[in-house]
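Here's the structure, in structure tokens; my notes come after.
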Amino acid sequence: MGAPSILFRLVVGGAMLFSHLASADRACSSNASSYLWRVSDARFDGVAPSVRDGKAVVAVSIIPNGTNTFFECVAEWPEPWAGWSPTNEDIIWGDCIWSGAGPTLDTAVAFALDWKTRTMYLSHTFSCSDKKGSSALATGSFKLDLACENDDDESVHCTLKTKTTGPSLQVQTVPGVPSLPAGAPCEDNARVYQSWQLENWRRQYQLTPGDPVTPPPMDSGPSFKLRNLASGDAFECVPGNKTEDNVFDGLCTQAAAAASTRASFRFDPMLDILVVTQHWECGAE
């Protein structure tokens, strides 16, 4: 048998997944079995069927239990997609923006929504108070209990059925498996939960006041740092060729220059969707 080949993808929509500075740490020991979050508000706004290429917008406000801060999770995608990429069946992740009010325990928070099942997925990274210099990832999911109605133009609009705090408005996230140790076999990547964090997102484009053009004629495309939380792989990603459809195809260079893994991305400025792909050729070690 030949050497195994491993492929994973990350699809990001709307605001990019930035990391931000946490002012406190979470305990990451085995005693910290879960972390509790509360949902304070949620809304879904669809588009009228007559609107061509219209995007649905979902917004959810979440509060880390025991803190005085909150995060706003907002994403948009073409309504028929229902939160999933139509090309490769990957769910679309979006950023949860820290409000800046009160201290935060997390360095990055992200979410995804399977609209057909009303299932929201939540992930967050944080520094470990009981293991200095290390960080961890926790994930969880829950059902959004929404009341929906159709507008006169047949667009769908949904809000929470109740805003009274209870089990239906709470979600517990569970710490994931620790990152792979340095020198771990390449094949081990197929046996751990893969997640990535985007940092230092940069993109420059020019718009004419009063005459917005989509896509903008002057667009540098995105550059960013990509960090694999499972393996520790770090990449510098820069825009490459721009296709006739105004989509940017870019390559990501690994800092450690390992021969066994490579990454690339595709960014669609019309949809504001970023697709990141990481591939391992384990026989190249």
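Just so we're aligned: the sequence shown equals residues -24 to -1, 1 to 261 in mature numbering (1 follows the signal peptide of the UniProt record, and there is no 0).
Where a beta carbon is used, it is the ideal one built from N, C-alpha and C, also for glycine.
Query                                                                                                           : Result
Rounded separation between ALA3 and THR101 - CA only                                                            : 12 Å
Span separating the alpha-carbon of ASN163 from that of SER155                                                  : Note that residue 163 is Glu in the sequence shown, not Asn. Approximately 14 Å between the Cα atoms of the pair.
Beta-carbon proximity check, GLN182 vs ARG14, cutoff 7 Å                                                        : no
Rounded C-alpha distance that separates GLU257 from PRO161                                                      : 12 Å
Ranges of the beta strand (DSSP E) found wholly within the stretch 214 to 261, counting only runs of at least 3 : 224 to 230, 237 to 244 and 249 to 257
When ALA232, LEU113 and GLY226 are compared against LEU250, the one with the closest alpha-carbon               : GLY226
Residues near GLY22 by beta carbon distance below 6 Å, same chain, minus five either side                       : ALA32, GLU55, SER131 and VAL132
Whole-angstrom distance between ILE38 and ARG167, CA atom to CA atom                                            : 30 Å
Reference THR43; option with closest CA among SER75, ASP29 and ASN126                                           : SER75
Local conformation of ALA160 per DSSP, three classes                                                            : coil
For LEU136, three-class secondary structure by DSSP                                                             : strand
Distance CB(SER196)-CB(GLN180) smaller than 7 Å                                                                 : yes
Coil, strand or helix - ARG19 by DSSP                                                                           : strand
Contact belief for CYS49 with PHE20 at Cβ below 8 Å, rounded distance in angstroms                              : About 12 Å; that fails the 8 Å criterion.
Cβ-Cβ separation, TRP53 to ILE68 (assumed contact under 8 Å), whole Å                                           : 6 Å
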